[in-house]
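Here the structure is laid out as C-alpha cells; the discussion comes afterwards.
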Amino acid sequence: MPQWIDVCALGDIDAEDVLRFDHEGNTYAVYRSPDDEYFATDGLCTHEKVHLAGGLVMDDIIECPKHNGRFNYKTGAAKGAPVCVDLKTYRAKVQGTRVLIEI
Amino acid sequence: MPLNDIVIVGAGEAGGRAALALREAGFAGRIALVGEETHPPYERPPLSKAAIADAATPAPVVIGDGGRLAELGVERIAGVAAVAIDRRERRLELADGRRLSYDALVLATGARARPLPLPGAELALTLRTFEDALRIRERIHAAGRVAVVGGGFIGLEIAASARSLGREVTLMEADSRLLRRSTPEPLAAALEARHAAEGVEIVKSVRIERIAATARGVVIHTSEGAREADVVVAGVGASPRVELADAAGLAVDNGVRVDGSLRTSDPAIYAIGDCADFPHPLFGGRRLRLEAWRNAFDQGAHVARALLGETQAFAALPWFWSDQYDLTLQMVGVAETGASVIARDLGGGAQMLFHLDAEGRIVAAGGLGPIEKTAKEIKLAERLIARRAVLSPVALADPAASLKKML
Chain A
103 MPQWIDVCAL GDIDAEDVLR FDHEGNTYAV YRSPDDEYFA TDGLCTHEKV HLAGGLVMDD
163 IIECPKHNGR FNYKTGAAKG APVCVDLKTY RAKVQGTRVL IEI
Chain B
895 MPLNDIVIVG AGEAGGRAAL ALREAGFAGR IALVGEETHP PYERPPLSKA AIADAATPAP
955 VVIGDGGRLA ELGVERIAGV AAVAIDRRER RLELADGRRL SYDALVLATG ARARPLPLPG
1015 AELALTLRTF EDALRIRERI HAAGRVAVVG GGFIGLEIAA SARSLGREVT LMEADSRLLR
1075 RSTPEPLAAA LEARHAAEGV EIVKSVRIER IAATARGVVI HTSEGAREAD VVVAGVGASP
1135 RVELADAAGL AVDNGVRVDG SLRTSDPAIY AIGDCADFPH PLFGGRRLRL EAWRNAFDQG
1195 AHVARALLGE TQAFAALPWF WSDQYDLTLQ MVGVAETGAS VIARDLGGGA QMLFHLDAEG
1255 RIVAAGGLGP IEKTAKEIKL AERLIARRAV LSPVALADPA ASLKKML
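Going line by line, the protein sequences match chains A and B. Everything in the first sequence is counted per the numbering used here, starting at 103 for the first residue and increasing by one. Everything in the second sequence is counted per the numbering used here, starting at 895 for the first residue and increasing by one.
And the structure:
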C-alpha cells in the first residue's frame, strides 16, 4: 500500500529546483516547479543511474547532471536521446508547511 | 535528389547515434552501419572507469538499449573494415570485398590511441575499445604495481580506477603539469592534489626512454631512473582515423575537414565525431576536433538533420567530463578564447572557473567537485555561453549570485 511520507519543509526546495530524498533503500527526486507546485519521480536517471537531483530544473524539465538526458518531471516522459525510458512518477502534496510524497 | 541509401562508416557513439537519429527523424530509406568491432555501438566513457574498477565482469553499455537499431531497421555490418571509397560510383568497399552503394556517406571513423614513440612501446597497453578495457582490467586485477604513462584524462581515470582497487600506482607525465591540453591550471592542480592524497605517485617532467619486459612485468627506463611495474598503460592521446578520407582525396587537416553542415569537400560525404575537423560559429569559425562523448552524440544527431535537409550550422558547445574518485571535472566552451578567468568557490571542495573574453563575454566554464555540486552551474554556464552573455566578474565570483538569474 502506498503511503504518504514526509520529505521536507516547504522552503527546503527552491522554486524551479529539485531535492534528493532517500527512503528505505530507495532514492527519489522531489521537485518544486516555477509556480510552486510539487512533484516527485524516481531519483535515478533511466540511462546510467545518475542521481537526477544533481541536475538542472528549467520549467517542467529536469536535465540529468551527467549526459543531459531530459525528462518532464511532471509526467516522467523521457524527452529524447540518450534517454528512452520514462521516469516513474509519484504523487506529491503540501500539508501545512511540509512536502509529502506517496510511495 | 532524394536520399535512399545512407551508409555510415564507424559504429561508435557518433555513427550509432546518427543511425538512430535518422530513423527518429523519419528517414525510411536504407541505413547501413559499418563497424570494425563486432559489438553493437556502445558507450566508451565507462571503459576507463566502471569497466576496469567494478567488481562485476563488465559488458558493453550499448547505445539505445540493445535492440533499438534492429527494431528501427538499421542494417548493421559488424566486424568488417571499410577499405576504400569510390567517389565517382558512390560506392564503399569493404575488406571482405562487398561494395555498398550510397547516396550519402557518413564517416564516423573515430580515433586510435597513439602508441608511445619509443622502444618497447608494444609492452604498454592502450585503451580504445571494449576489448582493450578487458585486457587492461585483467592485467590490473592481477597486478600489484601499475605504471601509467600520460597525465591526460585516460591516464588519470585509469590511475584512479587502479587505485580504487588498491593497486600501487605511479603516473608519469612528460609535461611539467597534468592535463595541459584540456584543463585550466587551477582545476588540474586540484585533481593532481586529489590523486596524491589517494596515494598515486605522480612524476612530472619525466622522459620515458624505453620499456623492457622482465620476468614478472616491465621495467620502464626514464630520465629519472628505472621503475618496475607489473603492468604499464599508456594514455598519450589519440589520432583521428582519416586514412579512408585521405585515400579518397577528401580534404584532411587535423581530421577530416568539414563545413558547418558537417559536409566534407565531397558534398555526398559527411564526417562526424572524433575524426571530424569542423568550424565553430560561436568562436569566429575557429576549427575544432573534439574527442568527446558529447560531441559524438551531438554531431551524430546533427548530421541526421543535415542529411534530411536542415541547413543550420552545427553550433553545439564543446563539452566534456571526466570522473576520478568521487570528483567530476566538467568543461564547456573554448577556454583558449578567453582573456580572463574568474573563480567561484562552491564550498565542499567544489569550484568553478569562468573564462571571459576581452569584451567580458563568457566563452568557457569549468567545474570540479562532486557532480551534484557542479552540474547545475555548468549547465547554466553552457546556456550563458550559447547566448554570448556579457557577465559581471564580481557576480560570477560570488557563489550567492544565481547563474540562473543571469540568463
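Positions of the beta carbon are idealized from the N, C-alpha and C atoms, including for glycine.
When the Cα of residue 976(B) is compared with those of 1003(B), 1237(B), 1171(B), 960(B), which residue comes out closest?
-> On the second sequence, position 82 is the one that residue 976(B) refers to. Here the closest residue by C-alpha is 1003(B).
For the alpha helix (DSSP H) that residue 1189(B) lies in, which residues bound it at each end?
-> On the second sequence, residue 1189(B) is found 295 positions in, with the first residue counted as 1. Taken as a continuous stretch (DSSP letters only), the alpha helix (DSSP H) holding residue 1189(B) covers 1187-1201.
In terms of residue numbering, what span does the alpha helix (DSSP H) encompassing residue 1304(B) cover?
-> With chain B represented from 895 up to 1301, any question about residue 1304(B) goes unanswered, as that position is not in the structure.
Taking residue 125(A) and residue 205(A) to be in contact with their CB atoms under 8 Å, please state how far apart those CB atoms are, rounded to whole angstroms.
-> Position 23 of the first sequence, counting from 1, holds the residue named residue 125(A). Position 103 of the first sequence, counting from 1, holds the residue named residue 205(A). With 8 Å as the limit, residue 125(A) and residue 205(A) qualify as a contact, their Cβ atoms being about 7 Å apart.
Helix, strand or coil: which one does DSSP assign to residue 1173(B)?
-> Indexing the second sequence from 1 puts residue 1173(B) at position 279. Three-state result, residue 1173(B): strand.
Chain-ordered neighbours of residue 1299(B) on chain A, where CB pairs are closer than 8 Å | By 1-based counting over the second sequence, the position of residue 1299(B) is 405. Per Cβ cutoff of 8 Å: no residues; residue 1299(B) is ~11 Å from chain A at best.
Can you say whether residue 1276(B) is buried or exposed, counting buried as having 16 or more other CB atoms within 10 angstroms of its CB?
-> Here residue 1276(B) corresponds to residue number 382 of the second sequence, with the count starting at 1. Under this definition residue 1276(B) is a buried residue.
Would you please verify whether the beta carbon of residue 1274(B) is less than 8 Å from any beta carbon of chain A?
-> In the second sequence, counting from the first residue as 1, residue 1274(B) sits at position 380. Taking Cβ atoms only, chain A reaches closer than 8 Å to residue 1274(B), which makes this a yes.
If you measure from the beta carbon of residue 1233(B) to each beta carbon in chain A, is any gap under 8 Å?
-> As a working note, residue 1233(B) is residue 339 in the second sequence. No, residue 1233(B) lies away from the interface with chain A (no Cβ there is under 8 Å from its Cβ).
What is the DSSP secondary structure of residue 1167(B), reduced to helix, strand or coil?
-> Here residue 1167(B) is taken as the residue at index 273 of the second sequence, counted from 1. Residue 1167(B) falls in the helix class under three-state DSSP.
Using a Cβ-Cβ cut-off of 8 Å, state whether residue 145(A) counts as contacting chain B.
-> Working through the first sequence from its first residue, we reach residue 145(A) at position 43. Closer than 8 Å: no.
Proximal chain B residues relative to residue 153(A), where beta-carbon distance stays under 7 Å = Indexing the first sequence from 1 puts residue 153(A) at position 51. Near residue 153(A) (Cβ distances below 7 Å), the residues of chain B are 1266.
Can you give me the Cβ contacts of residue 1257(B) inside the same chain, cut-off strictly under 8 Å, excluding the 5 residues immediately before and after it?
-> Numbered from 1 along the second sequence, position 363 holds the residue referred to as residue 1257(B). Answer for residue 1257(B): 1177, 1227, 1228, 1229, 1231, 1232, 1249, 1250, 1251, 1279, listed in chain order.
Assuming residue 1271(B) and residue 1300(B) make a contact with CB atoms under 8 Å, what is their CB distance in whole Å?
-> As a working mapping, residue 1271(B) is identified with position 377 in the second sequence. As a working mapping, residue 1300(B) is identified with position 406 in the second sequence. Not quite, the Cβ-Cβ distance comes to about 11 Å (not below 8 Å), so this is no contact.
What span of residues does the alpha helix (DSSP H) with residue 1152(B) cover, start to end?
-> Mapped onto the second sequence, residue 1152(B) falls at position 258. Careful: residue 1152(B) lies outside any alpha helix (DSSP H) and carries neither H nor E.
Nearest to residue 989(B) (by Cα), restricted to the options 928(B), 966(B), 1008(B) | Along the second sequence, one-based indexing puts residue 989(B) at 95. The candidate whose alpha carbon is nearest that of residue 989(B) is 928(B).
Should residue 994(B) and residue 926(B) be called a contact, given that it needs their Cβ atoms to be closer than 8 Å?
-> The residue labelled residue 994(B) in the question sits at position 100 within the second sequence. The residue labelled residue 926(B) in the question sits at position 32 within the second sequence. Their beta carbons are under 8 Å apart, which means residue 994(B) touches residue 926(B) by this criterion.
If we count the other Cβ atoms within 10 Å of its Cβ and call it buried at 16 or more, is residue 898(B) buried or exposed?
-> As a working note, residue 898(B) is residue 4 in the second sequence. Looking at its Cβ environment, which holds fewer than 16 other Cβ atoms inside 10 Å, residue 898(B) is exposed.
Going along chain B, which residues have a C-beta under 9 Å from residue 184(A)?
-> Here residue 184(A) is taken as the residue at index 82 of the first sequence, counted from 1. Near residue 184(A) (Cβ distances below 9 Å), the residues of chain B are 911, 937, 957, 958, 1191.
Beta carbon of residue 1133(B), beta carbon of residue 1144(B): below 8 Å?
-> Stepping through the second sequence from its first residue, residue 1133(B) is reached at position 239. Stepping through the second sequence from its first residue, residue 1144(B) is reached at position 250. No, they are not a contact pair.
For chain A, find out if any of its Cβ atoms is closer than 8 Å to the Cβ of residue 1270(B); answer yes or no.
-> One-based indexing of the second sequence puts residue 1270(B) at position 376. Yes, its Cβ sits closer than 8 Å to a Cβ of chain A.
Taking the C-alpha atoms as reference points, what is the distance between residue 983(B) and residue 896(B)?
-> In the second sequence, counting from the first residue as 1, residue 983(B) sits at position 89. In the second sequence, counting from the first residue as 1, residue 896(B) sits at position 2. Their Cα atoms are separated by approximately 17 Å.
Which chain A residues sit within Cβ distance under 7 Å of residue 914(B)?
-> One-based indexing of the second sequence puts residue 914(B) at position 20. Near residue 914(B) (Cβ distances below 7 Å), the residues of chain A are 183.
To the nearest angstrom, how far is it from the Cα of residue 1013(B) to the Cα of residue 1116(B)?
-> What you label residue 1013(B) is simply residue 119 of the second sequence in a count that begins at 1. What you label residue 1116(B) is simply residue 222 of the second sequence in a count that begins at 1. So the two alpha carbons sit approximately 12 Å from each other.
Out of 115(A), 131(A), 146(A), which has the shortest C-alpha to C-alpha gap to residue 138(A)?
-> Taking the first sequence and counting its residues from 1, one reaches residue 138(A) at position 36. Checked all of 115(A), 131(A), 146(A); the closest Cα to residue 138(A) is 115(A).
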